[in-house]
Every structure is written in C-alpha cells, then in structure tokens.
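For the sequence shown, this note's numbering begins at 55 and goes up steadily by one.
Take a look at the structure set out below.
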Amino acid sequence: MAQTEVIQRRIQERNRRIKQAESYAEEIAKRLGPITAVIIGSTSRGDFNAWSDIDVVIISPKLPENPLRRLDAVSSTSHPDVEPIPLRPQDAERLARKKAPVITEIIQGIILRDDLSIIPKLKKIYHEKTH
C-alpha cells in the first residue's frame, strides 16, 4: 500500500472518530443542556490505533457532585467507543489552577462544542503565573 493511501485512511478514520464524538456530544447536550465537549487523547493527537477509544471530556454544571454518578449521566449505549470524562465547571477550573495534564489536553484538544464558553477561561487560568 502506498504511503499516501495509508495517510488517507488515517485521515478518514480520524474524521469518522470525530463524527462519532460529535454525535455523542449532541446526545449528551440533549440530556444535560449546554455543555462543553472536547476530544482529547490519541484521537485528538492522531496517534490512535484500532483498539483506542475516543476520549471526550464533557463539562456541564448539571453533572452530579458524586463522581461515580457523573459517569451514569454521560454514559451512552449508542456510542460504545466513546470514553467520557465528566467534569463540572468548578472541577475544570480547579484542575486548571493545578496545571493538571487533562487541562493541557483540553486546551490542545478538538473542541466539539463550547456552549459554556469555558475554554478561554480555562486557558487563562492555566497560563496564569503561580506565586
């Protein structure tokens, strides 16, 4: 197989994954209302393989306080390849202050939707100097 064919297949597969994540985000937004959804991990970077899931951070103020209950709120039987990472806005902001790796991934990820307009705020918090 020619190198250009391999590259084309990778691009097509990445686009398929992004479309699947978009569909998932739409489903969750119907359930929770306004959300921020960002693809992170190997799909975002482009170094996924056949066994990689699609990591999608979901930020919503309607997520339960209990982290275990949050997974129930964002689970989807119609999108089994999606691995949700649910955060409330205050959790995302706290992680940005701590310079957590997940925030780096969110900033560098593929933004599917930012209904909450939180991405610029996370970037600002993340890039603030700590004293």
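For glycine and all other residues, C-beta sits at the position ideal for the given N, C-alpha and C.
Sequence-distant residues of its chain with Cβ nearer than 8 Å to residue i (five each side left out)
{"i": "Leu170", "result": "Pro88, Ile89, Thr90, Ile113, Ser114, Pro115 and Pro143"}
{"i": "Val110", "result": "Ala75, Tyr78, Ala79, Ala91, Val92, Ile93, Ile94, Val136, Glu137, Pro138, Ile139 and Leu166"}
{"i": "Asn103", "result": "Ser96"}
{"i": "Arg68", "result": "Thr97, Gly100 and Phe102"}
{"i": "Ile160", "result": "Val92, Ile94, Val111, Ala146, Ile173 and Leu176"}
Whole-angstrom distance between residue j and residue i, CA atom to CA atom
{"i": "His181", "j": "Gly95", "result": "21 Å"}
{"i": "Ile172", "j": "Ile165", "result": "11 Å"}
{"i": "Arg71", "j": "Leu176", "result": "25 Å"}
{"i": "Arg148", "j": "Asp168", "result": "18 Å"}
{"i": "Ile157", "j": "Ala146", "result": "7 Å"}
{"i": "Leu86", "j": "Ser129", "result": "12 Å"}
Buried versus exposed call for residue i [16 or more other C-beta atoms within 10 Å across all chains shown]
{"i": "Ile61", "result": "exposed"}
{"i": "Thr58", "result": "exposed"}
{"i": "Gly163", "result": "buried"}
{"i": "Ala56", "result": "exposed"}
{"i": "Leu141", "result": "buried"}
Contact set for residue i: own chain, Cβ-Cβ below 7 Å, skip 5 residues either direction
{"i": "Pro118", "result": "Arg124 and Ala127"}
{"i": "Gln66", "result": "none"}
Contacts around residue i, its chain only, beta-carbon distance under 6 Å, and the 5 residues preceding and following it disregarded
{"i": "Asp107", "result": "Asp135 and Glu137"}
Cβ separation of residue i and residue j, assumed to be a contact under 8 Å, to the nearest whole Å
{"i": "Ile179", "j": "Ala150", "result": "4 Å"}
Completely contained alpha helix (DSSP H) runs for the segment 92-162, where each covers 4 or more residues: 95-99, 121-128, 143-151 and 155-162
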